[in-house]
Each structure stands twice: as structure tokens, then as C-alpha cells.
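Sequences listed follow chains A and B, in order. Sequential numbering of the first sequence, starting at 1259, is according to our numbering. Sequential numbering of the second sequence, starting at 99, is according to our numbering. Read through the structure below, which is laid out as C-alpha cells, and then see the notes.
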Amino acid sequence: LAKTTQPISMDSYEGQEVNITCSHNNIATNDYITWYQQFPSQGPRFIIQGYKTKVTNEVASLFIPADRKSSTLSLPRVSLSDTAVYYCLVGVRLFSGGYNKLIFGAGTRLAVHP
Amino acid sequence: DVKVTQSSRYLVKRTGEKVFLECVQDMDHENMFWYRQDPGLGLRLIYFSYDVKMKEKGDIPEGYSVSREKKERFSLILESASTNQTSMYLCASSSGPGLAGEVGELFFGEGSRLTVL
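Spelled out as C-alpha cells, the structure:
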């Protein structure tokens, strides 16, 4: 199973761009990379998913290099409300056409300061 | 609005009690999951189910069992609760993989905080 490695914590200030990098050296050919956000006392919430190159939505961008051994979540112009834990996941397909077993790591605790 | 509902937000049980944690989703999802979350350890997968009456062990199934009699409901059972099972329990559901193989988005419930005394 592909494991992920992220920084334990990061600090930033309002209005800055934040980049959180995740390492997944053993990613398999069919694996997608997904990021989740979790606020205290809530379940994680999907942010973005990608397979290669760059994906952008209204919340974030995801950059994936050609070798796919890492990925970077980019949050533009963060605000205090972006203070949360961010998880990088690599999906594992257990059999053709089947379900995906998603493994969460410890995540990155982002603190945004005024 | 999609919804995953966990029956209890807070529970306090005694060692040796049998504990049921219920989870219901209204999205007709095939896949359902139970995680536990502990400080510094992130979320760890206990069990998951990809169809009614089907279940698979996750990374930490010891001391737990599950039941999925209906598609929308996935129950986590602690046969004999122990203090080391004090934790936040999170249920999630997702649709099957997409046509391109993309992973279905996980939808989480609010969590059930269990304390075992």
C-alpha cells in the first residue's frame, strides 16, 4: 500500500499562499491523489483530487510532477478559517472494478495567523 | 445535501460493555467505512464495506466487528469495550470508483466520541 509523508505542522499568515507537499514514493499506476481538510470536532472534507500535472478548483490547486512520487496542495491567499488539518491520501484499488481503500496519515496541521 | 449521520455524538461506557455505533447515509453509496481518530495518529481504518453483507478488515480491526444488513446502514460493534478504545469514531461513505478509476469522494459524519471508563 502506498504510504504518504507530510510535514506535521505549518504556520502561515492571512493573505499568503500556502503550499503543503506530500511524498508518496510507492504510488501505483492506477492510484489517484486526494486531499482532505478537517476542522476540529468535524469529519474530514474533500478538497481536491488529481492523477497527474495540475488540477484546480475554486478552493485549491494540486500540482503533481511527472514521476507522481509527490504532490503539492496549494491554498491561495489563506484566511484564518483555513486553519485546519490537511490530509494527503493515495487511493488503492483492491481489485478491478472494485472499491478503494483509503489510508489517512497523520496529516499537516496548518495554523493561519492574523 | 448529502448526509452521513452517526447516531451518537458522545457516549460514555464502562469496560466490558457492548457498544453499538450506528451510521446511516442517504446517498445510495456502495462503500462505507469506519475510522478511529486519535491525537497524533490521524485517522486509522477499522473496517469497510463495499456492498450489503460484505466487509473487509482495515488496519486495526482487533476488538471490533461490523454489520451491514442494508445498503444505507453500517454499524460498528465493540463486543467488550476497553479503555484503549476511547476515541473519536468517524463513519464515511463513498460511491464506487469512477469510469476513469478516480477515487470516489469520501463523505464523513460528524463523529462519535466514545469514552470507556
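Idealized CB from N, CA, C, for every residue including glycine.
7 Å CB neighbourhood of residue i in its chain, flanking five on each side removed
i                : result
Y1357 of chain A : In this predicted model, Y1357 of chain A has a pLDDT of only 49, less than 50, meaning its place in the structure is not dependable; the value taken from the coordinates is given anyway. For Y1357 of chain A, where only same-chain residues beyond five positions count, there are no Cβ hits under 7 Å.
E177 of chain B  : K116, S163
G156 of chain B  : L143, I144, Y145, F146
H127 of chain B  : S191, S192, S193
T1279 of chain A : S1328, T1330
Q135 of chain B  : L141, S185, M186, L188
T1311 of chain A : I1322
E208 of chain B  : Q104, R107
Q1264 of chain A : I1278, C1280, C1346, G1363, G1365, T1366
Per-residue burial, residue i [other beta carbons within 10 Å of its own, 16 or more giving buried]
i                : result
M125 of chain B  : exposed
F1362 of chain A : buried
S1354 of chain A : In this prediction, S1354 of chain A has a pLDDT of 42, which is less than 50 and means its spatial position is unreliable; what the coordinates show is noted afterwards. By the neighbour-count rule (16 or more Cβ atoms within 10 Å), S1354 of chain A is not buried but exposed.
L215 of chain B  : exposed
P1302 of chain A : buried
G1273 of chain A : exposed
D1325 of chain A : exposed
G1365 of chain A : buried
F172 of chain B  : buried
Cβ-Cβ distance between residue i and residue j below 8 Å
i                : j                : result
V1370 of chain A : S1270 of chain A : yes
T1262 of chain A : G1349 of chain A : no
R211 of chain B  : R142 of chain B  : no
Y1345 of chain A : Y1294 of chain A : yes
L1320 of chain A : T1341 of chain A : no
I1305 of chain A : A1318 of chain A : yes
P1372 of chain A : L1338 of chain A : yes
V1336 of chain A : V1276 of chain A : yes
L174 of chain B  : L119 of chain B  : yes
Same chain, Cβ closer than 6 Å to residue i, five either side skipped, listed in chain order
i                : result
E225 of chain B  : Look at the range of chain B in this structure, 99 to 215, and you will see that residue 225 of chain B is not part of it.
Q123 of chain B  : V102, E170, S191
Q1307 of chain A : Y1290, T1292
N1315 of chain A : I1306
E154 of chain B  : F146
Contact set for residue i: own chain, Cβ-Cβ below 8 Å, skip 5 residues either direction
i               : result
K151 of chain B : R166, E167
F206 of chain B : V102, L188, C189, A190
N79 of chain B  : Chain B is shown only over 99 to 215; residue 79 of chain B falls outside these bounds and no answer can be derived.
L204 of chain B : F131, A190, S191, S192
P159 of chain B : I144, Y145
Chain-ordered neighbours of residue i on chain C, where CB pairs are closer than 7 Å
i                : result
I1361 of chain A : Given the protein chain composition of this structure (A and B), no chain C is represented.
Handout entry: Residues within the stretch 1302 to 1334 of chain A neighbouring chain B, beta-carbon criterion of under 8 Å
Key = P1302, R1303, F1304, Q1307, Y1309
Exercise for the section: Pair every Cβ in the stretch 1326 to 1341 of chain A with every Cβ in the stretch 102 to 113 of chain B, then say whether three or more of these pairs are closer than 8 Å. Expected result: no
Practice task
Name, going along the chain, the residues of the stretch 172 to 194 of chain B whose beta-carbon falls closer than 9 Å to a beta-carbon of chain A.
Solution key: M186, L188, C189, A190, S192, G194
Handout entry: Proximal residues, the stretch 103 to 121 of chain B versus chain A, C-beta separation under 7 Å
Key = none
Exercise for the section: Return the residues of the stretch 130 to 156 of chain B that lie within a Cβ-Cβ distance of less than 8 Å from chain A, sorted by chain order. Expected result: F131, Y133, G138, L139, G140, L141, R142, L143, F146, Y148, E154, G156
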